Amino acid sequence: MKFGLSDVEGRVLHGLLEEASGDIVIRLDRHGFIVHATANIADLGLDCSAALLLPHITDLAERDHAAFVSAHVATALAGRTQGGWIEFPVAAIPTTRDAGHETRHVAQCPRWYALSLRPMFDAAGAVEGALCLMRSIQQVRNLEGELHARTVTDPLTGLANRQAFCASLRRHLAKGGGQMIAVLAVDGMRALLMRYGQRAADEVLWGFAKFLETMASPAHEVAQLDGERFGVLLPEMTSRHAREWAVDVVQTFSALAAPTSAKALQLTASAGVARVECTVDWTLREAELGLVLARAGGGRQVGVSGHRRAA
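201 is the number that this note's numbering gives to position 212 of the sequence shown; each next residue is one higher, with no gaps.
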């Protein structure tokens, strides 16, 4: 007795497995055009049954990745089997949303898929097409994005950390540098920590971080360099304008944090300003030296390395 599935039963089972896994099975002709695809390709906004012209496999990829996908497919259609998967974002299909009497087009975020291909041969051994498997990896991409965000973000303030700030400085230096940066800190943080504890110190740092975000423009980059120092990249600012901005930050913070009683804590801030030049270490050292000079002068000042101060 023979046990097994008929062709029809096999196709039905194959279809059920595809729907359960979410994978999209695609058959290409020898030129890379889609001649057959499982029904769930509609998730990508493509309806092969209604298409007058056969879509090409590269039509699924975003424009910037189309050439990469095309080269991979061409290799498979040349009869050279490739192991592994390639990853690319599918082209975002705009959807429509009815807002009252007005229909608006809403662009969707790119979704990432992995693609695997195997060439198909005819009886004579010539390539007649390829069989493709597309699998969504958006969840993996989202997790990778979250992990990356955690590695470059300070957990207390939510700002970029020193690693991310230094990477940004390296990019600017690679283009010639010349921008201005400021390194700022709340004065007397060590004394505040010893007197009121870590929780109070964290609250002050969090509040100062939010204050800096408010004082910064969208073009500025704000980061927490360590436990008490913050860095701000000030592109398209002259040295004079950068010092004026830092002075405004220091004075505004002191005014907002002014004690309401004689027993209340007086919070002030100081800053150092420097130009992005030479190396990342040189730039940060110059700015932090300015901060040291400002604090040596009693705090609530803006210092510039070279024993020049602006207050």
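Just so it is clear, CB atoms sit at the ideal spot from N, CA and C, and this is done for glycine as well. Keep in mind it's a predicted model, so treat the numbers as computed, not measured.
According to the neighbour-count rule (16 or more other Cβ atoms, all chains shown, within 10 Å of its Cβ), is Y185 buried or exposed?
For this step, residue 185 is matched to residue 196 along the sequence shown. Y185 is exposed by the Cβ-count criterion.
What residues in its chain sit with their C-beta under 8 Å from that of L280, if we drop five residues either side in the sequence?
Translated into the one-based positions of the sequence shown, residue 280 becomes position 291. For L280, where only same-chain residues beyond five positions count, the Cβ hits under 8 Å are V172, L173, A174, R218, S259, A260, G261 and G292.
DSSP-derived helix/strand/coil call for V265
The count along the sequence shown starts at 1 and reaches residue 265 at position 276. Here V265 sits in coil by DSSP.
Decide if P108 is buried, meaning its Cβ has at least 16 other Cβ atoms within 10 Å, or exposed.
Within the sequence shown, residue 108 is the residue found at index 119, counting from 1. So P108 counts as buried.
Could you compute how far the alpha carbon of M178 sits from the alpha carbon of V193?
Your numbering for residue 178 matches position 189 in the sequence shown. Your numbering for residue 193 matches position 204 in the sequence shown. Going by the C-alpha atoms only, they are around 9 Å apart.
Spell out a yes or no on whether the region 146 to 157 and the region 202 to 216 are touching, meaning 3 or more CB-CB pairs, one atom from each, closer than 8 Å.
Flag = yes, the region 146 to 157 and the region 202 to 216 touch.
Could you pull the DSSP bridge partners for C121 from this structure?
Numbered from 1 along the sequence shown, position 132 holds the residue referred to as residue 121. According to DSSP, C121 bridges with I15 and L106.
Would you mind working out which of V14, D270, V238 and V269 sits nearest L122, comparing C-alpha positions?
Translated into positions along the sequence shown, residue 122 becomes position 133. If we check each option's Cα against that of L122, V14 comes out closest.
I need the DSSP call for W101, collapsed to helix, strand or coil.
On the sequence shown, residue 101 is found 112 positions in, with the first residue counted as 1. W101: strand per DSSP, three-state reduction.
Quick check on this structure: which residue in V239, A205 and R100 has the alpha carbon closest to the alpha carbon of M226?
Here residue 226 is taken as the residue at index 237 of the sequence shown, counted from 1. When each option's Cα is compared against that of M226, the closest is A205.
Candidates Q240, L245, W234 and L254: which alpha carbon is nearest A263's?
As a first step, residue 263 must be located in the sequence shown, where it is residue number 274. Of the candidates Q240, L245, W234 and L254, W234 places its Cα closest to the Cα of A263.
So, is H161 buried or exposed, given that buried needs 16 or more other C-beta atoms within 10 angstroms?
Looking up residue 161 in the sequence shown gives position 172. Burial call: buried.
G220, DSSP secondary structure in three states
For the purposes of this step, residue 220 is identified with residue 231 of the sequence shown, where counting begins at 1. Here G220 sits in strand by DSSP.
Anyone know if the C-beta pair for L158 and V236 falls short of 8 Å?
Position 169 of the sequence shown, counted from the start, is the residue given in the question as residue 158. Position 247 of the sequence shown, counted from the start, is the residue given in the question as residue 236. No; because the gap between Cβ atoms is not below 8 Å, this pair is not in contact.
My assumption, with CB atoms under 8 Å, is that G220 sits in contact with I170. Please give the rounded CB distance.
Within the sequence shown, residue 220 is the residue found at index 231, counting from 1. Within the sequence shown, residue 170 is the residue found at index 181, counting from 1. Going by Cβ atoms, the distance from G220 to I170 rounds to 6 Å, so yes, they are a contact pair.
Would L43 and V24 be called neighbours here (beta carbons separated by less than 8 Å)?
Along the sequence shown, read from residue 1 onward, the residue named residue 43 stands at position 54. Along the sequence shown, read from residue 1 onward, the residue named residue 24 stands at position 35. Yes, the pair counts as a contact, with Cβ atoms nearer than the cut-off.
Which residues in the same chain have their Cβ closer than 6 Å to the Cβ of F77, if we skip the five residues on either side of it in sequence?
For this step, residue 77 is matched to residue 88 along the sequence shown. Take F77, set aside five residues on each side of it, and the residues of its chain with a beta-carbon closer than 6 Å to its own are A50, H54 and V58, in chain order.
Same chain, Cβ closer than 6 Å to S105, neighbours up to 5 away in sequence not counted
In the sequence shown, residue 105 corresponds to position 116, counting from 1. So the list reads W74 and L122, once near-sequence residues are dropped.
How should D176 be labelled, buried or exposed, when 16 other C-beta atoms within 10 angstroms of its C-beta is the threshold for buried?
Locating residue 176 in the sequence shown gives position 187, where the first residue counts as 1. With 16 or more Cβ atoms within 10 Å of its Cβ, D176 is classed as buried.
Just to confirm before moving on: does the CB-CB distance between Y102 and V79 stay below 8 Å?
Translated into the one-based positions of the sequence shown, residue 102 becomes position 113. Translated into the one-based positions of the sequence shown, residue 79 becomes position 90. Result yes, Cβ atoms of Y102 and V79 sit closer than 8 Å.
Paired residues, beta bridge with T241 - DSSP
Taking the first residue of the sequence shown as position 1, residue 241 is located at position 252. T241 pairs with nothing; no bridge assigned.
Where G21 falls, given that 16 or more other Cβ within 10 Å makes a residue buried
Counted from its first residue, the sequence shown places residue 21 at position 32. With 16 or more Cβ atoms within 10 Å of its Cβ, G21 is classed as buried.
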